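One structure below.
Protein chains: 2
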Amino acid sequence: MTTQQPVPSGTYNHGMDTRERLLDATEQLLWERGYAATSPKDILVAAHAGQGSMYHHFSGKQELAVEALVHSTGQLRAEAAGALQAPGTALDRVEQYLRRQRDSLRGCRVGRMTYDPDVLATPTLLQPVADTLEWLVAELERVIEEGIAAGEFPGTVDARQLAFTVAAVVQGGYVLARAGQDASAFDAAVEGAIGLLRGIAA
Amino acid sequence: MTTQQPVPSGTYNHGMDTRERLLDATEQLLWERGYAATSPKDILVAAHAGQGSMYHHFSGKQELAVEALVHSTGQLRAEAAGALQAPGTALDRVEQYLRRQRDSLRGCRVGRMTYDPDVLATPTLLQPVADTLEWLVAELERVIEEGIAAGEFPGTVDARQLAFTVAAVVQGGYVLARAGQDASAFDAAVEGAIGLLRGIAA
DNA sequence: GTCTATAACGGGATAGAC
DNA sequence: GTCTATCCCGTTATAGAC
Numbered sequence: 207m208t209t210q211q212p213v214p215s216g217t218y219n220h221g222m223d224t225r226e227r228l229l230d231a232t233e234q235l236l237w238e239r240g241y242a243a244t245s246p247k248d249i250l251v252a253a254h255a256g257q258g259s260m261y262h263h264f265s266g267k268q269e270l271a272v273e274a275l276v277h278s279t280g281q282l283r284a285e286a287a288g289a290l291q292a293p294g295t296a297l298d299r300v301e302q303y304l305r306r307q308r309d310s311l312r313g314c315r316v317g318r319m320t321y322d323p324d325v326l327a328t329p330t331l332l333q334p335v336a337d338t339l340e341w342l343v344a345e346l347e348r349v350i351e352e353g354i355a356a357g358e359f360p361g362t363v364d365a366r367q368l369a370f371t372v373a374a375v376v377q378g379g380y381v382l383a384r385a386g387q388d389a390s391a392f393d394a395a396v397e398g399a400i401g402l403l404r405g406i407a408a
Numbered sequence: 207m208t209t210q211q212p213v214p215s216g217t218y219n220h221g222m223d224t225r226e227r228l229l230d231a232t233e234q235l236l237w238e239r240g241y242a243a244t245s246p247k248d249i250l251v252a253a254h255a256g257q258g259s260m261y262h263h264f265s266g267k268q269e270l271a272v273e274a275l276v277h278s279t280g281q282l283r284a285e286a287a288g289a290l291q292a293p294g295t296a297l298d299r300v301e302q303y304l305r306r307q308r309d310s311l312r313g314c315r316v317g318r319m320t321y322d323p324d325v326l327a328t329p330t331l332l333q334p335v336a337d338t339l340e341w342l343v344a345e346l347e348r349v350i351e352e353g354i355a356a357g358e359f360p361g362t363v364d365a366r367q368l369a370f371t372v373a374a375v376v377q378g379g380y381v382l383a384r385a386g387q388d389a390s391a392f393d394a395a396v397e398g399a400i401g402l403l404r405g406i407a408a
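Protein chains in written order, with our numbering: chain C, 207 to 408; chain B, 207 to 408.
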């Protein structure tokens, strides 16, 4: 039995193997700094790994980022689904989605990628972002349509438009919160939207 | 009289002097690619200028970017003010603001900066962004309050919250449009918001 | 699998000639 | 004012040892 080295205290050392630590570190850094501004070296430091490990497990920064981003989008979908597919009225579920606990100042790990020039120029990176936000809008639309069918919302409501609006309030709330470095901007945007939704509800 | 060289056909050559061309090129590049992803060389090529010119007129990339960004935010304020301070009902003015012609896929030249890590880390760059979006929300709030006073909107409306919501719909609309590379996502978000506003209006 | 050494390249700025 | 040469550094990847 080899002597077990004490694991250097770091952020990404919870019993993961090297490959997992690399992915986890990349996921965090993509969220914090985006793709273009994250260097392989940043990842290696955060993951307590060496260059050799990274280029052994992945072809390079891009492949690593794609895998991390796909995982990230999966997380976001699961969290959104938790609110939107819960029991309750349509209005309840939309409100629950809008009010989900969010670290507003961090911004959206998916939406932020749309302003990263390298992501826009790399189809394999843009694809999961596009797919996820498209999925989100479709889920919102489905819930809103259920609300219309149930008589919660007037039949004149355009479910698809409203779904885009709700998704946009969240994405824009993050932008406003980050601009002013004030999380309450996000909350205000969301509460204003909820007020509007309640205003048109039966 | 020296022989006039034919101006090489470029984007930024409309009779501007070198300093103006540098600023104009920077403004465009900040919009398209953000701050971190824009290199001095990119700017020099776009402005048809040499390095010497840039470091003569400006201390470096940062100072140049600050001045370009301040100009950019001034433009945005003027455009928004054009809609929000026009004659008409409060609802009209908010609708006009929301429907202003926008090149949705380009995104917001101000809002996008909030996801640029270098901008967040540089107070002189973040300041004009924060100021401008704060100003925008305040303007929207003022208009909405006028609408409440005029009886257009119910007195139960929270003007400040609703102002954040309207600003967020625009910022988020850009994100959704860019994600799907589809300008109609922006329009849908905006039209959904207008539907909600009309729904609560008297 | 992981390490270190190295390399090719570009970013950002400075120096000094013109 | 503008030009070119030069410099230092970080990014991204490869090579080959262990």
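Yeah, the Cβ is synthetic: ideal placement off N, Cα and C, and Gly gets one too. In this text, all values refer to a predicted model and were calculated from it rather than measured experimentally.
Fill in: Whole-angstrom distance between Val349(C) and Gly378(C), CA atom to CA atom
Taking the first sequence and counting its residues from 1, the one referred to as residue 378(C) is at position 172. Taking the first sequence and counting its residues from 1, the one referred to as residue 349(C) is at position 143. Distance between the alpha carbons of Gly378(C) and Val349(C) is about 21 Å.
Worksheet item: Is the shortest distance between the beta-carbon of Ile249(C) and the beta-carbons of chain B less than 9 Å?
Response: By 1-based counting over the first sequence, the position of residue 249(C) is 43. Judged by the 9 Å Cβ criterion, Ile249(C) is not in contact with chain B.
Worksheet item: Within 10 angstroms of its Cβ, does Tyr261(C) collect 16 or more other Cβ (buried), or is it exposed?
Response: Locating residue 261(C) in the first sequence gives position 55, counting from the first residue. With fewer than 16 other beta carbons inside 10 angstroms of its own, Tyr261(C) counts as exposed.
Worksheet item: For Pro334(B), which residues of its own chain have a beta-carbon under 7 Å away from its beta-carbon, when the five flanking residues on both sides are left out?
Response: Here the question's residue 334(B) lines up with position 128 in the second sequence. Same-chain partners within the cutoff: Leu275, Val276 and Thr279.
Worksheet entry | Closer than 8 Å at the beta carbon, the chain C residues around Pro323(B) | Locating residue 323(B) in the second sequence gives position 117, where the first residue counts as 1. Chain C residues near Pro323(B): Glu238, Arg239, Gly240 and Ala243.
Worksheet item: Does the Cβ of Asp230(B) have 16 or more other Cβ atoms within 10 Å, making it buried, or fewer, making it exposed?
Response: Residue 230(B) sits at position 24 when you count from the first residue of the second sequence. The residue in question, Asp230(B), is buried, as its Cβ has 16 or more Cβ neighbours within 10 Å.
Worksheet item: Are Gly353(B) and Val300(B) touching if we call contact CB-CB under 9 Å?
Response: Residue mapping note: residue 353(B) aligns to position 147 of the second sequence, counting from 1. Residue mapping note: residue 300(B) aligns to position 94 of the second sequence, counting from 1. It is a contact, given that the beta carbons lie within the stated cut-off.
Practice prompt. Measure the C-alpha to C-alpha separation of Arg312(B) and Glu351(B) and round it to an integer number of angstroms.
Written response: Locating residue 312(B) in the second sequence gives position 106, where the first residue counts as 1. Locating residue 351(B) in the second sequence gives position 145, where the first residue counts as 1. Going by the C-alpha atoms only, they are around 31 Å apart.
Discussion item. Just to confirm my understanding: we take Glu358(C), look at its own chain, exclude 5 residues before and 5 after, and list those with CB closer than 7 Å. What are they?
Written reply: Your numbering for residue 358(C) matches position 152 in the first sequence. Around Glu358(C): Thr295, Ala296, Leu297, Ala407 and Ala408.
Discussion item. Which residues in chain B have a C-beta closer than 7 Å to the C-beta of Val376(C)? List them in chain order.
Written reply: Counting from 1 along the first sequence, the entry for residue 376(C) is found at position 170. Simply Gly378.
Worksheet item: CB-CB under 6 Å to Gly256(C), same chain, minus the five flanking residues each way: which ones, in chain order?
Response: For the purposes of this step, residue 256(C) is taken as residue 50 along the first sequence, with counting starting at 1. Answer for Gly256(C): no residue qualifies.
Worksheet item: Is the beta carbon of Leu236(B) sitting closer than 9 Å to the one on Ala253(B)?
Response: One-based indexing of the second sequence puts residue 236(B) at position 30. One-based indexing of the second sequence puts residue 253(B) at position 47. Not closer than 9 Å, so no.
Item to complete: State the DSSP-derived secondary structure class of Val316(C), mapped to helix, strand or coil.
Response: Mapped onto the first sequence, residue 316(C) falls at position 110. Of the three classes helix, strand and coil, the one that applies to Val316(C) here is coil, per DSSP.
Worksheet entry | Nearest-angstrom Cα separation, counted from Pro323(B) out to Val375(B) | If you number the second sequence from 1, residue 375(B) lands on position 169. If you number the second sequence from 1, residue 323(B) lands on position 117. Straight across, the Cα-Cα distance linking Val375(B) with Pro323(B) is about 23 Å.
Fill in: Enclosing alpha helix (DSSP H) for Gly256(B) [first to last residue]
To locate residue 256(B), count along the second sequence from 1; it is residue 50. Counting along the chain, Gly256(B) falls outside any alpha helix (DSSP H), and DSSP gives it neither H nor E.
Item to complete: Name the two residues that bound the continuous alpha helix (DSSP H) containing Gln445(C).
Response: In the structure displayed, chain C extends from 207 to 408; residue 445(C) sits before or after that span and is not available.
Worksheet item: I think Glu347(C) touches Arg366(C), with their Cβ atoms under 8 Å apart; what is that distance to the nearest whole Å?
Response: For the purposes of this step, residue 347(C) is identified with residue 141 of the first sequence, where counting begins at 1. For the purposes of this step, residue 366(C) is identified with residue 160 of the first sequence, where counting begins at 1. Indeed, because the Cβ distance is near 5 Å, the residues count as touching under 8 Å.
Worksheet item: In whole angstroms, what is the alpha-carbon distance linking Thr224(B) and Ser259(B)?
Response: Looking up residue 224(B) in the second sequence gives position 18. Looking up residue 259(B) in the second sequence gives position 53. For Thr224(B) and Ser259(B), the distance between alpha carbons rounds to 7 Å.
Worksheet item: What separation, rounded to the nearest whole angstrom, lies between the Cα atoms of Asp309(C) and Ala389(C)?
Response: Residue 309(C) sits at position 103 when you count from the first residue of the first sequence. Residue 389(C) sits at position 183 when you count from the first residue of the first sequence. In this model, Asp309(C) and Ala389(C) are separated by some 8 Å (Cα to Cα).
Discussion item. I want to see whether chain B comes within less than 9 Å of Met222(C), judged by CB atoms only; does it?
Written reply: By one-based count along the first sequence, residue 222(C) stands at place 16. Against chain B, the CB of Met222(C) has no partner CB under 9 Å away; the residue lies outside that interface.
Practice prompt. Closer than 7 Å by beta-carbon distance: list the chain C residues that pair up with Ile406(B), in chain order.
Written response: Here residue 406(B) is taken as the residue at index 200 of the second sequence, counted from 1. Using a Cβ-Cβ cut-off of 7 Å, Ile406(B) is close to Leu402, Gly405 and Ile406 of chain C, given in chain order.
Discussion item. Taking the beta carbon of Gln234(B) as the centre, do at least 16 other beta carbons fall within 10 Å, making it buried, or is it exposed?
Written reply: Here residue 234(B) corresponds to residue number 28 of the second sequence, with the count starting at 1. With 16 or more Cβ atoms within 10 Å of its Cβ, Gln234(B) is classed as buried.
Worksheet item: What residues from the segment 305 to 322 of chain C come within 9 Å of chain B, judged by C-beta to C-beta, listed N to C?
Response: When CB distances to chain B are screened at a threshold of 9 Å, the residues of the segment 305 to 322 of chain C falling below it are Gly313, Cys314, Val316, Gly317, Arg318, Met319, Thr320, Tyr321 and Asp322, in chain order.
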